[in-house]
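Numbered according to the working numbering, the sequence shown terminates at residue 97, and the numbering increases by one at each position without gaps. For every residue, glycine included, the Cβ atom is placed at its ideal position computed from N, Cα and C.
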Amino acid sequence: TFEQALEEARHRPTPEQALEEARHLIEAAHTEAEVFQVVYPLAVALGAKRTETGTVKALHGVLLQLVRPGLSNAEACTAVGASMSNFCKWRRKIQLGVFP
C-alpha cells in the first residue's frame, strides 16, 4: 500500500548514512550472512538495481579499503573475491558521491 511504501521511505537511510553505518559495522562482520546484512542496505542506498554476489563482494572490498587505507585495490579484491572491474565501479561511485 501507499502508506507502507511511505513508511519504508522514511526509514531508508541516505547513501551517506548507509555508507557511514556500513563502515562502522563491516569489521565486525565475520560470516557471509553478516557481510550481506551490512552491505545490502548500502547497495540499495547507492542505487543497486539487483544486489547480486558480485555487488556484495565489490562493496565489501571497498568498505575494507575505507577502514584500512593502506590496502591496495588488488589486495581488497583478493580478500573478498571481487572482480577488479566491479570493485572499481563501486569505489568510483562512492569516491565521487554519485548516488541516485
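- Around the beta carbon of threonine 50, a 10 Å sphere encloses fewer than 16 other beta carbons of the protein chains shown; the residue is thus reported as exposed.
- Within the same chain, and ignoring the five residues on either side of histidine 21 in sequence, no residue has its Cβ closer than 7 Å to its Cβ.
- Alanine 76 sits close to leucine 61, with the two beta carbons spaced by under 8 Å.
- At the C-beta level, alanine 79 and glycine 58 come within 8 Å of one another.
- Less than 8 Å separates the beta-carbon of proline 12 from that of leucine 43.
- In the structure shown, threonine 50 adopts helical secondary structure according to DSSP, grouped into three states.
- The residues Ala55, Leu56, Val59, in chain order, have a CB closer than 6 Å to that of tryptophan 87 in the same chain once the five nearest residues on each side in sequence are set aside.
- In this structure, DSSP gives threonine 11 a state outside helix and strand, which the three-state scheme calls coil.
- Sequence-distant Cβ neighbours of glutamate 17 in its own chain, meaning closer than 6 Å and more than five residues away, do not exist here.
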